Structure formats: structure tokens, C-alpha cells
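2 protein chains.
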Amino acid sequence: MSATQISATEEPTCQRPTRGRPRAFDACAGRQLAARRFARDGFEGVCVADLCAEMGINPPSFYAAFGSKEALFRDVLAEYVAMTSKAYAEAIEGANTPRDLRHRVLRTAVGLFTRDGGVGCMVLANLMQKGGGDPMVAYLQSILDALNDAMLTRLQALGLPLPEAEALVRTVAVAMLGLSAAARSGMDRAALDQVVDDLVP
Amino acid sequence: MSATQISATEEPTCQRPTRGRPRAFDACAGRQLAARRFARDGFEGVCVADLCAEMGINPPSFYAAFGSKEALFRDVLAEYVAMTSKAYAEAIEGANTPRDLRHRVLRTAVGLFTRDGGVGCMVLANLMQKGGGDPMVAYLQSILDALNDAMLTRLQALGLPLPEAEALVRTVAVAMLGLSAAARSGMDRAALDQVVDDLVP
DNA sequence: AGGATTGTGTAACGTGCGTTACGTAAATCT
DNA sequence: AGATTTACGTAACGCACGTTACACAATCCT
Numbered sequence: 001m002s003a004t005q006i007s008a009t010e011e012p013t014c015q016r017p018t019r020g021r022p023r024a025f026d027a028c029a030g031r032q033l034a035a036r037r038f039a040r041d042g043f044e045g046v047c048v049a050d051l052c053a054e055m056g057i058n059p060p061s062f063y064a065a066f067g068s069k070e071a072l073f074r075d076v077l078a079e080y081v082a083m084t085s086k087a088y089a090e091a092i093e094g095a096n097t098p099r100d101l102r103h104r105v106l107r108t109a110v111g112l113f114t115r116d117g118g119v120g121c122m123v124l125a126n127l128m129q130k131g132g133g134d135p136m137v138a139y140l141q142s143i144l145d146a147l148n149d150a151m152l153t154r155l156q157a158l159g160l161p162l163p164e165a166e167a168l169v170r171t172v173a174v175a176m177l178g179l180s181a182a183a184r185s186g187m188d189r190a191a192l193d194q195v196v197d198d199l200v201p
Numbered sequence: 202m203s204a205t206q207i208s209a210t211e212e213p214t215c216q217r218p219t220r221g222r223p224r225a226f227d228a229c230a231g232r233q234l235a236a237r238r239f240a241r242d243g244f245e246g247v248c249v250a251d252l253c254a255e256m257g258i259n260p261p262s263f264y265a266a267f268g269s270k271e272a273l274f275r276d277v278l279a280e281y282v283a284m285t286s287k288a289y290a291e292a293i294e295g296a297n298t299p300r301d302l303r304h305r306v307l308r309t310a311v312g313l314f315t316r317d318g319g320v321g322c323m324v325l326a327n328l329m330q331k332g333g334g335d336p337m338v339a340y341l342q343s344i345l346d347a348l349n350d351a352m353l354t355r356l357q358a359l360g361l362p363l364p365e366a367e368a369l370v371r372t373v374a375v376a377m378l379g380l381s382a383a384a385r386s387g388m389d390r391a392a393l394d395q396v397v398d399d400l401v402p
């Protein structure tokens, strides 16, 4: 909900105004670079100076292009959520039994977590590293809640009673936390897939 | 290895010199408080000023008593590792089948993670939040490696071939990462125990 | 060409953090 | 009592970080 949060500076497509001096760097590539770093190191683990250095720009160019560190994070997070939630939705809709849902969702998660060099989940990584009082945590948690609700609804539609469905959702959530952390720490896709098979009886 | 790292300022027992002005605060209680915060928020998520405020002291007293933030972290981490590794060793030794080992270790982990208000694992929480280049990560990883080696040895002693044993160790490691993060985010012991039962077929 | 608009580089500001200098207070030892 | 040892409180330092002022450069519109 509250999906009317608009990018602070640019629309999703990287079109630029036709007047004035053109940019000397690729802002879209910069966003991708930032997305990778935010997923790997978390919001607090990334500093603007490093991002600027990796993009080959100076701080004023960064702020002109992205607004602020937090605005950039919100942008790449929104794009990440849009992409991944679609993948999870397909996994959930395609599941025909509770066990199948568990397996499909976890396999999908592994596929997402091992993209881009195996960096884990941007949402989970930031949830795991932030303190409870942070305002951003509420938003990250709401993203997770949406996924859990989707799983719960599907499991009930498949005939699973509520208590068992909730327990299964918790199990999948715990497994995803572990898979994300393991992917970030370097475990490769083959090993993670084997772990999923081992975790889904 | 290299176990001769000695506490920067005090021996494990909280004995104090008999001369000079006595302390106006309980350093042992302060260490416990710090241990809880380091496990919950990670090394970087704790600031010295907050610790001082919670202990009711000023920074110079903190440094006189504990040496530095990092020295205090090493101290409480060493104590935590000594305590938990004993618990894990008992779980591993008491296991009679691979499935039993898996279940015992994960149950032990849940018991440890839900102590002290459900704050997760101090080692895993800090591993998950630190970047790869950090020198402290190597030490934290070596603690994990020791646990994994102990599991691997026991599994082979139980007759499990190496590839399967390694895969099972990876599965347990991933599950522990998830359980620690879930405990930190507020999942209670009953739910976590149920998750463990669900993850151990 | 000349003005308007947008981007860039240098250099700095403010804040929060870990840490410490320094003078003062409270205990023990001779 | 005086000297010595240890701890405390105030205040500050140095550094890294997010962020911005300001002057200059490059492009588009008329």
C-alpha cells in the first residue's frame, strides 16, 4: 500500500532532460551498482564517498542525480521489490501443495539471492542489520509481511488449516533468512539448492 | 588457535585491586549489558555513549574498566563462545544419528538464541552485519568453522560419507543463520522450536 | 552570439562516533 | 598526616560520514 512514493529525482526509465549540460556518467549503471552494494553491505554499510568513487563521480553529482543516500536506497529497493515480488507471486500461484509451495518459494529465493554475484536479499539483509527503532524497518517488515500473507492465503486455499499454515509460513521465513545470509557469505547456488532440498522433506 | 589473547584489563573473575579509589559501578553487570547489546545490535550498532549511559558512567570510566569498545567486544565474545561451544559440543556428542545431530544442534541453538530476551547469536549477528574485508570477520568465521568441523567429525564417526556429511553441515549452518535472525526479530521459543521440528524431517 | 539551464569539481560544514587530557575525589600504605 | 594509587567528571580531539555553497563548464533555445 501507499504505492504513490515517487522517485525523488528521476522516473524509472533513465530519460534525461534535453537541455543543459549532459551527464558525464551513467546514472542507471550507478543505480545498479548501488543496488548491489545495498544488498551486499546493507544501507549503513555503504558510504556515499565509496559509491561516488565506484561511479567515478563527486558528491554533488551524486546528490544531483539521486537526491540523497536514502532516496537512492528507496528507489533501488522499490525496483528490487517490484522484481522479486513478481517472482515470488509466480512461485506461490504455481504451487499445488503446501510442500510444493515451500519448495518453489525457497528455490525462487535461492535463484534471486545468487544473482549478481551472490549477494543475498536486499530486504532481509537490511532487516537483519538495522535496529528495531529505525523507521525504515517498518517498511522493510511490511514487504516481508506481504509475502507471508500471500503464502498464507495460498496455503489456506490449498486446504491447509490456519495454525499449520502459519507454522509453515514461519518455517519458510526462517529458511529464507538463512539462505540470504548464506548466499551473502559466499555459498554458491548449487550448495544452496541442495540445502533447500534438504530443508523440504 | 592463538588462544593466548588475554583480556585487555581484567581477568574473567571480577576481582579488583585493593588499593585506590573503589569503582562506583558494577563492571561485571556492565559487561553483561554490553554482551546483550552486542548480540542484539551487532558491534557497529552499539555506540560507546549509549553503553555508558546505560551503565550510568562516563566515557573515561568505560575505557579505564574495559580498555576499548573492541576489547570489551572481544571479552564478551570470548565468554559467549566458551559458554555456547560447550552447549554445542554436548549436543554433538550426544547425537546418535545424523538426523538426531541435526535436531539436537538446532534445538540447542534455539535455546541459546532465545536466552536473555531472545536476542539471537552474537557470532552470527556480527557475521551477518560486517563486511567481508573486516579483520574481525575472520575470527568470527573461525568460530563457526570450529563448530562445523565438530559436526563434520561426528557425522563421519556416525558413518555418514563425506559429501553427505558436508551437505548436512551446510544445511544446519543455514538453518542456524535463519534461526538467529528470527530470534532477534522477535520470534519466540515455541515458534522457533516448531520451526526446527519442521526443518528436521 | 547571448541567455537560460543543467552538470562538474573543489572545498567545506555539521554531526556523531571512538577516544583521551587533565584536574579532582576517594581509597590504601608507611 | 602525608604519599601513593586508583577512579571520576568535564571537556575536548580526530576522524568519517552525509550533505551542501560556490564558482566554472557544457549544452540547448531564440
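Those protein sequences? They're chains S and H, same order as listed.
Numbering-wise, the working numbering puts 102 at position 102 of the first sequence, and it's gapless, one number per residue.
With positions in the second sequence counted from 1, the corresponding number in the working numbering is that position plus 201.
A virtual CB, placed ideally from N, CA and C, is assigned to each residue, including glycine.
Predicted model, so just to flag it, every value in this text is computed and none were measured.
Got a sec: is the Cβ-Cβ distance from residue i to anything in chain S below 8 Å?
| i | result |
| --- | --- |
| residue 330(H) | yes |
| residue 362(H) | no |
| residue 336(H) | no |
| residue 392(H) | yes |
| residue 368(H) | yes |
| residue 357(H) | no |
| residue 306(H) | no |
| residue 399(H) | yes |
Should residue i and residue j be called a contact, given that it needs their Cβ atoms to be closer than 8 Å?
| i | j | result |
| --- | --- | --- |
| residue 382(H) | residue 393(H) | no |
| residue 307(H) | residue 352(H) | no |
| residue 372(H) | residue 199(S) | yes |
| residue 165(S) | residue 379(H) | no |
| residue 65(S) | residue 34(S) | no |
| residue 42(S) | residue 330(H) | yes |
Ignore the nearest five residues each way along the sequence and tell me which others in residue i's own chain have a CB closer than 8 Å to its CB.
| i | result |
| --- | --- |
| residue 87(S) | 108, 111 and 112 |
| residue 160(S) | 98 and 168 |
| residue 323(H) | 236, 239, 240, 277, 278 and 281 |
| residue 56(S) | 25 |
Could you check which residue in the options has the C-alpha nearest to that of residue i?
| i | options | result |
| --- | --- | --- |
| residue 197(S) | 99(S), 136(S), 90(S) and 167(S) | 99(S) |
| residue 81(S) | 21(S), 19(S), 184(S) and 39(S) | 39(S) |
| residue 169(S) | 269(H), 395(H) and 330(H) | 395(H) |
| residue 347(H) | 360(H), 320(H), 364(H) and 293(H) | 293(H) |
| residue 117(S) | 27(S), 187(S) and 200(S) | 187(S) |
| residue 120(S) | 17(S), 23(S), 46(S) and 184(S) | 184(S) |
| residue 225(H) | 246(H), 236(H) and 261(H) | 261(H) |
| residue 342(H) | 363(H), 280(H) and 374(H) | 374(H) |
| residue 356(H) | 298(H), 316(H) and 242(H) | 298(H) |
| residue 133(S) | 246(H), 278(H), 232(H) and 333(H) | 246(H) |
| residue 225(S) | 189(S), 153(S) and 50(S) | Any property of residue 225(S) remains undetermined from this structure, which presents chain S solely from 1 to 201. |
| residue 448(H) | 328(H), 364(H), 363(H) and 304(H) | This structure gives no information on residue 448(H), because the portion of chain H shown stretches from 202 to 402. |
| residue 62(S) | 14(S), 89(S), 90(S) and 31(S) | 31(S) |
Ignore the nearest five residues each way along the sequence and tell me which others in residue i's own chain have a CB closer than 6 Å to its CB.
| i | result |
| --- | --- |
| residue 212(H) | Legend: pLDDT at residue 212(H) = 49, less than 50; position of this residue unreliable, value from coordinates given subsequently. Cβ within range, chain order: n/a, list empty. |
| residue 231(S) | Only positions 1 to 201 of chain S appear in this structure, which leaves residue 231(S) out of reach. |
| residue 149(S) | none |
| residue 273(H) | 235 and 267 |
| residue 137(S) | 130 |
So, does the CB of residue i fall closer than 8 Å to a CB anywhere in chain H?
| i | result |
| --- | --- |
| residue 75(S) | no |
| residue 110(S) | no |
| residue 201(S) | yes |
| residue 116(S) | no |
| residue 195(S) | yes |
| residue 14(S) | no |
Please work out which residues of its chain come closer than 7 Å, Cβ to Cβ, to residue i, disregarding the five sequence neighbours upstream and downstream, and give them in chain order.
| i | result |
| --- | --- |
| residue 29(S) | none |
| residue 143(S) | 81 and 123 |
| residue 89(S) | 150 |
Which residues, in order along the segment 371–390 of chain H, keep a beta-carbon less than 9 Å from a beta-carbon of chain S? Listed by position along the chain: 371, 372, 374, 375, 376, 377, 378, 379, 380, 381, 382, 383, 385, 386, 387 and 388.
When you check each C-beta in the segment 232–256 of chain H against every C-beta of chain S, which residues fall closer than 9 Å? Listed by position, the residues of the segment 232–256 of chain H near chain S (Cβ gap below 9 Å) are 241, 242, 243, 245 and 246.
Mind checking the segment 142–153 of chain S against chain H and listing, in chain order, the residues whose C-beta falls within less than 8 Å of any C-beta there? Within the segment 142–153 of chain S, no residue qualifies.
What residues in the segment 269–301 of chain H bring their beta carbon closer than 9 Å to a beta carbon of chain S? Correct list: empty, as no residue qualifies.
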